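>
There are 2 protein chains.
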Amino acid sequence: MTDPLSRVFSALADPTRRDLVARLAAGDATVGQLAAPYRVTVQAVSKHVKVLEDAGLVSRSGDSHRRPVHLEADVLDLMTAWIERYRRQAEQRYRRLDAVLAVMEEETQEP
Amino acid sequence: MTDPLSRVFSALADPTRRDLVARLAAGDATVGQLAAPYRVTVQAVSKHVKVLEDAGLVSRSGDSHRRPVHLEADVLDLMTAWIERYRRQAEQRYRRLDAVLAVMEEETQEP
DNA sequence: CCCGTCCTCAACCCAAGGGTTGACAACCGC
DNA sequence: GCGGTTGTCAACCCTTGGGTTGAGGACGGG
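Same order as they appear, the protein sequences are chains A and B. For the first sequence, our numbering begins at 5 and goes up steadily by one. For the second sequence, our numbering begins at 5 and goes up steadily by one.
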C-alpha cells in the first residue's frame with residue numbers, strides 16, 4: 005500500500021480522521037486541541053495525525069515542539085480527480101446507452 | 005465502521021478494488037471476467053466485489069448465478085460531496101486570510 | 001534553571017483485512 | 001440428466017491498524 009491514492013483513501017476511511025480533517029478545514033490546530041473532544045488518548049490522536057501527514061493531507065511546517073497541524077487541501081483534488089474520471093466515464097456509457105435505446109425505439113416505430 | 009462513508013473510502017483504499025471500479029466504468033462484467041487479469045484467485049476477487057457491493061459502489065441486479073457486476077456511479081458523488089465541502093471551506097479560509105493581509109498592507113501604506 | 005505541559009516513541013493487545021485452499025451449490029450446454 | 005464451468009461459503013494464516021499503557025524528550029513560563 006505504498007501508492008499515494010491508497011494512502012489518501014485509507015486515511016479518510018476512518019471517522020475520527022475525517023472529523024480531524026473537517027475541523028482542520030476551519031483552521032490550524034495543535035495535537036492537544038485536536039485531541040480534546042475525543043475520548044481516546046492523545047497518543048491515539050497523534051497517530052491519526054501522523055497517518056494524515058503520511059497521506060499528505062496535513063502538514064506541520066514549524067520545527068517547534070508545539071507546532072500547529074495544517075490541512076493541505078490540494079491532496080483532496082487527487083481523489084476528486086480519480087473519482088470524477090470514472091463517474092464521468094460511467095455517465096457517458098449511460099448516455100450512449102440512452103442513445104442506442106432511442107435509435108432502437110425509432111427503428112421499431114418505422115420498420 | 006458501519007457508516008456508509010467509511011465503507012466507501014475503505015473500499016477504494018485497495019488498488020485492486022480501484023482497478024475493478026475503473027474497469028467497471030467501461031461496462032458491466034462477470035466475476036470471472038473481472039478476475040481474469042489478476043494473479044489472485046477468483047475467490048479473492050469475489051471477496052473484493054462483495055466489499056464494493058457492501059459499500060454500494062456496485063450492484064448485481066439479476067438473481068442468476070452468472071450475473072454481471074454493475075457500477076453504481078451515484079455513490080461516488082457521496083465522496084465528492086464530502087471532499088468538496090471541506091476543500092471549499094479551506095479555500096475560503098485562504099481567501100479570507102488574503103483579504104486580511106490585503107487590509108493590513110493597505111493600512112501600513114496610509115498610516 | 002527547572003517544573004509542568006505537550007507531544008512522540010515503543011511495546012503490546014485484539015480485531016479486521018487480504019490472501020489462500022478446499023468443498024460445494026448452481027447454472028449452462030449438450 | 002450429467003459434466004464442466006462459475007461463483008460463493010468456510011476455515012485458516014499472517015499482516016495491518018486502531019487502541020492502550022508506560023516512558024521519555026523538548027519547550028515555555030516562572
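We treat Cβ as the ideally placed atom computed from N, Cα and C, and that holds for glycine. Since we're looking at a predicted model, the values are computed, not measured.
Using the C-alpha atoms, what's the distance from A:THR45 back to A:SER14?
Rounded to the nearest angstrom, the two C-alpha atoms are 21 Å apart.
> In three-state DSSP terms, what is B:HIS74?
B:HIS74 falls in the strand class under three-state DSSP.
> Who are the Cβ neighbours of B:ALA85 in its own chain at under 8 Å, not counting the five residues just before and after it?
None.
> Heavy atom of the ligand MN less than 6 Å from the Cβ of A:ALA17, yes or no?
Because no ligand of any kind appears in the structure shown, any question about the ligand MN cannot be addressed here.
> Quick one: any contact between the segment 49-64 of chain B and the segment 66-75 of chain A, if contact means 3 or more CB pairs under 8 Å?
At 8 Å Cβ cutoff, the stretches do not touch.
> Going by DSSP, which residues form a beta bridge with A:VAL62?
Partner(s): A:LEU75.
> I want to verify the contact list: residues of chain A whose CB lies under 8 Å from the CB of B:ARG64, in sequence order.
Under the 8 Å cutoff, chain A gives no residues; its nearest Cβ is about 16 Å from B:ARG64.
> According to DSSP, is B:ALA30 helix, strand or coil?
Reduced to three states, the DSSP call for B:ALA30 is coil.
> Quick one: what's got a C-beta closer than 6 Å to B:GLY36's C-beta in the same chain, skipping five residues either side?
Here the set comprises nothing.
> Along the segment 22-42 of chain B, what residues have a CB closer than 9 Å to any CB found in chain A?
Listed in sequence order: ARG22, VAL25, ALA26, LEU28, ALA29, ALA30, GLY31.
> Kindly list the residues whose CB is nearer than 7 Å to the CB of B:LEU9, restricted to its own chain and excluding five residues on each side of it in sequence; keep chain order.
Taken in chain order, the residues that qualify are LEU82, TRP86.
> Closer than 8 Å, Cβ to Cβ, to anything on chain B: give me those residues from the segment 44-57 of chain A, in chain order.
If the cut-off is 8 Å between Cβ atoms, the segment 44-57 of chain A has nothing near chain B.
> How many whole angstroms separate the CB atoms of B:GLN93 and A:ALA30, which I take to be in contact at a CB cut-off of 8 Å?
The pair is a contact, with the Cβ atoms about 7 Å apart (cut-off 8 Å).
> Report the rounded CA-to-CA distance for A:HIS74 versus A:LEU80, giving the unit in angstroms.
Each residue's Cα considered, the two are about 14 Å apart.
> Report the CB separation of A:VAL12 from A:ALA59 in whole angstroms; it is logged as a contact under 8 Å.
About 5 Å; that satisfies the 8 Å criterion.
> Among residues of its own chain, excluding the 5 on either side of B:PRO72, which ones have a beta-carbon nearer than 8 Å to its beta-carbon?
If we look at B:PRO72 and ignore the five residues flanking it on each side, its Cβ neighbours are ASP32, ALA33, THR34, ARG64, GLY66.
> Can you check which of these residues, A:GLU76, A:TYR98, A:ASP78, A:VAL62, is closest to B:ASP78 by C-alpha distance?
Ranking the options by Cα distance to B:ASP78, first place goes to A:TYR98.
> What first and last residue would you give for the alpha helix (DSSP H) that runs through B:PRO41?
Run containing B:PRO41: none; DSSP gives neither H nor E here.
> Three-state secondary structure (DSSP) at B:THR6?
The answer is coil: DSSP assigns B:THR6 none of H, G, I, E or B.
> For B:SER68, does the three-state DSSP call read helix, strand or coil?
B:SER68: coil per DSSP, three-state reduction.
> Got a sec: is the Cβ-Cβ distance from A:LEU75 to anything in chain B below 7 Å?
So yes, A:LEU75 belongs to the interface.
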